[in-house]
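Following: one structure in structure tokens, then a few remarks.
Number of protein chains: 2
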Amino acid sequence: MKTVERQTGVALWRQIADRIRLAISNGDYEATGMVPPETTLAAQFGVNRHTVRSALAALSEEGLVRAVQGRGTMIERKERVSYPISRRTRFSQGLGRQVREIGTELLEHMQVPASGDIAEALGLAAGAPLIELSTVSSGDGRPLSTAVSYYPAERFPDMAEEYARLGSVTKAFAAHGLADYVRVSTEIVARHADAQELVLLKLSPGAIVMEAQSVNADLSGRPVEYARTRFAADRMKLKIET
Amino acid sequence: MKTVERQTGVALWRQIADRIRLAISNGDYEATGMVPPETTLAAQFGVNRHTVRSALAALSEEGLVRAVQGRGTMIERKERVSYPISRRTRFSQGLGRQVREIGTELLEHMQVPASGDIAEALGLAAGAPLIELSTVSSGDGRPLSTAVSYYPAERFPDMAEEYARLGSVTKAFAAHGLADYVRVSTEIVARHADAQELVLLKLSPGAIVMEAQSVNADLSGRPVEYARTRFAADRMKLKIET
DNA sequence: TATAGTTGTCTAGATCAATAGACATTTTGG
DNA sequence: CCAAAATGTCTATTGATCTAGACAACTATA
Numbered sequence: 001m002k003t004v005e006r007q008t009g010v011a012l013w014r015q016i017a018d019r020i021r022l023a024i025s026n027g028d029y030e031a032t033g034m035v036p037p038e039t040t041l042a043a044q045f046g047v048n049r050h051t052v053r054s055a056l057a058a059l060s061e062e063g064l065v066r067a068v069q070g071r072g073t074m075i076e077r078k079e080r081v082s083y084p085i086s087r088r089t090r091f092s093q094g095l096g097r098q099v100r101e102i103g104t105e106l107l108e109h110m111q112v113p114a115s116g117d118i119a120e121a122l123g124l125a126a127g128a129p130l131i132e133l134s135t136v137s138s139g140d141g142r143p144l145s146t147a148v149s150y151y152p153a154e155r156f157p158d159m160a161e162e163y164a165r166l167g168s169v170t171k172a173f174a175a176h177g178l179a180d181y182v183r184v185s186t187e188i189v190a191r192h193a194d195a196q197e198l199v200l201l202k203l204s205p206g207a208i209v210m211e212a213q214s215v216n217a218d219l220s221g222r223p224v225e226y227a228r229t230r231f232a233a234d235r236m237k238l239k240i241e242t
Numbered sequence: 001m002k003t004v005e006r007q008t009g010v011a012l013w014r015q016i017a018d019r020i021r022l023a024i025s026n027g028d029y030e031a032t033g034m035v036p037p038e039t040t041l042a043a044q045f046g047v048n049r050h051t052v053r054s055a056l057a058a059l060s061e062e063g064l065v066r067a068v069q070g071r072g073t074m075i076e077r078k079e080r081v082s083y084p085i086s087r088r089t090r091f092s093q094g095l096g097r098q099v100r101e102i103g104t105e106l107l108e109h110m111q112v113p114a115s116g117d118i119a120e121a122l123g124l125a126a127g128a129p130l131i132e133l134s135t136v137s138s139g140d141g142r143p144l145s146t147a148v149s150y151y152p153a154e155r156f157p158d159m160a161e162e163y164a165r166l167g168s169v170t171k172a173f174a175a176h177g178l179a180d181y182v183r184v185s186t187e188i189v190a191r192h193a194d195a196q197e198l199v200l201l202k203l204s205p206g207a208i209v210m211e212a213q214s215v216n217a218d219l220s221g222r223p224v225e226y227a228r229t230r231f232a233a234d235r236m237k238l239k240i241e242t
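Here you go:
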């Protein structure tokens, strides 16, 4: 019997949904392309069939599986998109042939004073003016990541406008006369998505995000961007190229 | 009011525990070194005080906070350990001064034939003999990661014995005449921990792991190790050095 | 066309999670 | 010493989760 634990604050149906999602992405059910019957799963997990049904209903809600009365529950989707991180990380280039169509939406932009951490990361004085951009990026219509990024306002005064016009950070930098830039640091953390992320990335509660805090710099090493990007963990993997 | 969501299969007290844990590791309560009073938290999250108490009880169980009647709830521990990933990633070196004492336990070792993926990653024929090591690593007594790693058995026949004797992959390689090696690829995924990981890393259900699949090679580019390392996400962050 | 295997729906009861309120106990500071 | 502020404990009630069982509806196949 596979283990699920009781009285942990995580409902059994959700634990089971998480397990089945994992099994699907591991390819455990590839032979048939279907999830095992509800009664079988109930026996495996040692729970009532209704509990399994709740789990499958949640996965169906996510669009991961589709149940057909009389036949069984079919797997609709499984892979994760791979996102490369290297010295020359560029958002849309990296996704390349994995998705047919990449959409980036600028949610909001404003000018803000630099907080302590961000000022330090960008090598500026605390309170220095920054352009802040909030974006959501999708692949083939599914949200993949959401980011908040900061640019020194003095050096890149029209970042928001250029980004909105050109749809790309790389091109917006170019419009300010910066031809090339490199990734200097990236830190990755995984955690549960907060309420805002659930909405922006169209996730269901309890879902996981990977948060990358990154700094890009020009070729002289002067920082040009600080960003906090949150990836939907069940749709993406990060590929580190050292 | 901070948002917690109801009827998501994740109990409110657990959502709140996750938030407070995050706030602690963000340093939000650094000014006082204490978590805000239960009544304040209850108001912030829009729940009953008892619900907050359940959350704090869970964090206390983890050893993250300690409540003292009449005074308040003190923070005992906060940072995530930062694990650097670069071309020259070495497990114990990287953790450096962040933990006083690093423990690595060899759970199991065996010889296995290479499966398709792993053979490909190591540049071997499918079915080639591999040494498989299962390990758990801890910092100051808390489990941080668990790994399964594979080495070509022909080139490193005594990997298990040397590792058990020397307690380090780097030293075990050295004992086979391999003085240096570099990381050639790393892929990172975040997901819910499975049953085995919950036990090995002493996590509670619903917890998150970051899984890194990595390949190391000798200086001529010939792969020497394939590893699948799972980090406890609430105790670690990954620092990518490109 | 039966029949076995599967998902869909309903009812009833048991257990867990969350709310509500009251009061005790401990620490801190005036 | 007293009062304010904090955590600790108890009871009662409501709503969500899980179990249990029965049966309907649909699909595939012998």
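Just so you know, the protein sequences line up as chains A and B, in that order.
Just so you know, the first sequence maps onto residues 1 to 242 in the UniProt record's numbering.
Just so you know, the second sequence maps onto residues 1 to 242 in the UniProt record's numbering.
Beta carbons are placed, not taken as given, at the ideal position from N, Cα and C, and that holds for glycine.
Among the options, the one whose alpha carbon lies nearest that of residue i
i                 : options                                   : result
Ser82 of chain A  : A:Ile24, A:Ser92 and A:Ala172             : A:Ser92
Leu106 of chain A : A:Lys239, A:Ala153 and A:Val148           : A:Val148
Lys202 of chain A : A:Ala227, A:Gly63 and A:His176            : A:Gly63
Ala217 of chain A : A:Val169, A:Ile188, A:Arg230 and A:Ser137 : A:Val169
Leu198 of chain B : B:Tyr163, B:Arg49, B:Asp140 and B:Ala232  : B:Ala232
Ile118 of chain A : A:Gly141, A:Lys171, A:Pro37 and A:Ala227  : A:Ala227
Pro113 of chain B : B:Ile131, B:Ala193 and B:Gly72            : B:Ile131
Arg21 of chain A  : A:Met74, A:Gly9, A:Thr8 and A:Val47       : A:Met74
Ser185 of chain B : A:Ile240, A:Pro223, A:Ser86 and A:Ile188  : A:Ile240
Pro84 of chain B  : B:Trp13, B:Gln111, B:Lys171 and B:Ala212  : B:Ala212
Gly103 of chain B : B:Ser138, B:Leu133, B:Pro223 and B:Arg77  : B:Ser138
Thr8 of chain A   : B:Ser54, B:Arg222 and B:Phe173            : B:Ser54
Beta-bridge pairing of residue i - partner residues as DSSP gives them
i                 : result
Gln111 of chain B : B:Ile131
Tyr163 of chain A : Bridge partners of Tyr163 of chain A: none, in fact.
Phe231 of chain B : B:Ser145 and B:Met210
Lys239 of chain A : A:Pro84 and B:Glu187
Glu225 of chain B : B:Asn216
Ser137 of chain A : A:Thr104 and A:Ser145
Pro152 of chain A : A:Leu130
Thr89 of chain B  : Answer is none; Thr89 of chain B lacks a bridge partner.
Thr73 of chain B  : B:Val35 and B:Ala67
His192 of chain B : B:Ile208
Outcome for residue i when other beta-carbon atoms lying within 10 angstroms are tallied against a minimum of 16
i                      : result
Met210 of chain B      : buried
Pro143 of chain A      : buried
His50 of chain A       : exposed
Met159 of chain B      : buried
Ala164 of chain A      : exposed
Thr89 of chain B       : buried
Pro37 of chain A       : exposed
Ser214 of chain B      : buried
Gly116 of chain A      : exposed
residue 299 of chain B : Coverage of chain B is limited to positions 1 through 242, which leaves residue 299 of chain B absent and any answer about it impossible.
Gly70 of chain A       : exposed
residue 244 of chain A : Absent from the model: residue 244 of chain A. The displayed extent of chain A is 1 to 242, so no value can be given.
Asp180 of chain B      : exposed
Gly127 of chain B      : exposed
Val68 of chain A       : exposed
Met110 of chain A      : exposed
Glu162 of chain B      : buried
Ala195 of chain A      : exposed
Cβ neighbours of residue i in the same chain (closer than 7 Å, five flanking residues each side left out)
i                 : result
Val136 of chain A : Glu105, Leu107, Pro143, Thr146 and Leu200
Gly141 of chain A : none
Arg87 of chain A  : Val182 and Arg183
Ser204 of chain A : Ala58, Glu61 and Glu62
Asn48 of chain A  : Ala42
Beta-carbon proximity list for residue i, same chain, < 6 Å, skipping 5 on both sides
i                      : result
Leu41 of chain B       : Val52
residue 243 of chain B : Chain B is shown from 1 up to 242; residue 243 of chain B falls before or after that span and cannot be answered.
Ala11 of chain B       : none
The ligand SAH heavy atom lying under 7 Å from the CB of residue i
i                 : result
Ala164 of chain B : Within the structure as shown, the ligand SAH is missing, as the structure has no ligands at all.
(request) Check whether the region 16-28 of chain B touches the region 48-61 of chain B, counting contact only when three or more Cβ pairs, one atom from each stretch, lie closer than 8 Å. (result) Contact between the region 16-28 of chain B and the region 48-61 of chain B is present, because at least three Cβ pairs lie under 8 Å.
(request) Assess, as a yes-or-no matter, whether the region 148-160 of chain A is touched by the region 122-135 of chain A under the definition of 3 or more beta carbon pairs within less than 8 Å. (result) Short answer: they touch.
(message) Pairs of beta-carbons, one from the region 30-38 of chain A and one from the region 17-36 of chain B, closer than 8 Å: are there three or more?
(response) no
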